[in-house]
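See below for the structure under consideration.
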Amino acid sequence: MILTVEVREGPADIDISNRQDVAIGNMQIKSQAKAPGTTLGPQDDVVLTEWVITPERIDGGTVASPVWRNVVSVTVPAGGTANLQNYRIFPAEYFDQQPLVQLYPQNGGFDRETGKRNIRQRLKIAIYGKTVAGRRVTLRFDWDLNFFYQNY
């Protein structure tokens, strides 16, 4: 099985003063056979169970947010799609950890590595699961975010 993802509505700029989890508003995961013309059955349904999000800096800084693991079951029917709405990809509690905590006014309001008032990170998203028949399946995609603290 081959899985692909289409993000139809996703975040780009994240104001950490809002204290809300970062979520992809609308995405679709599609399942298809590796070989065209292959007959698919229920044993080819995919059950995704573990989402591992690994942030990396894309702004010249070196300290990134921690890896986040989320265990949530999503079933993608063989040859079909799963539509996800408001799917969490980054927890708000990470706003209180390095490097994002530096953006709060009480902590200086800027990143000490870059001197900027924002931090840009790429989330490397890996989703692990298995077909009903037991074959391992992995879906990977990246999502870039720009974190900042909105001064009022």
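With positions in the sequence shown counted from 1, the corresponding number in this note's numbering is that position plus 2. Note that CB positions come from ideal geometry on N, CA and C, so glycine has one too.
{"Item": "Helix, strand or coil: which one does DSSP assign to Asp98?", "Value": "helix"}
{"Item": "Going by alpha carbons, who is nearest to Asn28 out of Thr77, Glu8, Ser75?", "Value": "Glu8"}
{"Item": "Using a 10 Å radius around the Cβ and a threshold of 16 neighbouring Cβ atoms, would you call Gln100 buried or exposed?", "Value": "exposed"}
{"Item": "Between the stretch 75-91 and the stretch 42-59, do at least 3 Cβ pairs fall closer than 8 Å?", "Value": "yes"}
{"Item": "Once you ignore the five residues that flank Val139 on each side, which residues in its own chain have a CB closer than 8 Å to its CB?", "Value": "Met3, Leu5, Val48, Leu50, Tyr130, Gly131, Lys132, Thr133"}
{"Item": "Under 8 Å by Cβ, that's how I've got Val92 and Ile60 pegged, so tell me the actual separation to the nearest angstrom.", "Value": "The sequence as given places Phe at residue 92; Val does not occur at that position. With a Cβ gap of about 15 Å, Phe92 and Ile60 do not count as contacting."}
{"Item": "Should Gly63 go down as buried or exposed, given a rule of 16 or more other Cβ atoms within 10 Å for buried?", "Value": "buried"}
{"Item": "What is the DSSP secondary structure of Asn85, reduced to helix, strand or coil?", "Value": "strand"}
{"Item": "How far does the beta strand (DSSP E) with Asn120 in it reach, from first residue to last?", "Value": "120-133"}
{"Item": "With 16 other CB atoms within 10 Å as the buried threshold, where does Pro57 fall?", "Value": "buried"}
{"Item": "Here's the rule I'm using: 16 or more other beta-carbon atoms within 10 Å means buried, otherwise exposed. How should Ala80 be labelled?", "Value": "buried"}
{"Item": "I need the DSSP call for Ile18, collapsed to helix, strand or coil.", "Value": "helix"}
{"Item": "Where does Asp98 land, buried or exposed, given buried means 16+ other C-beta within 10 angstroms?", "Value": "exposed"}
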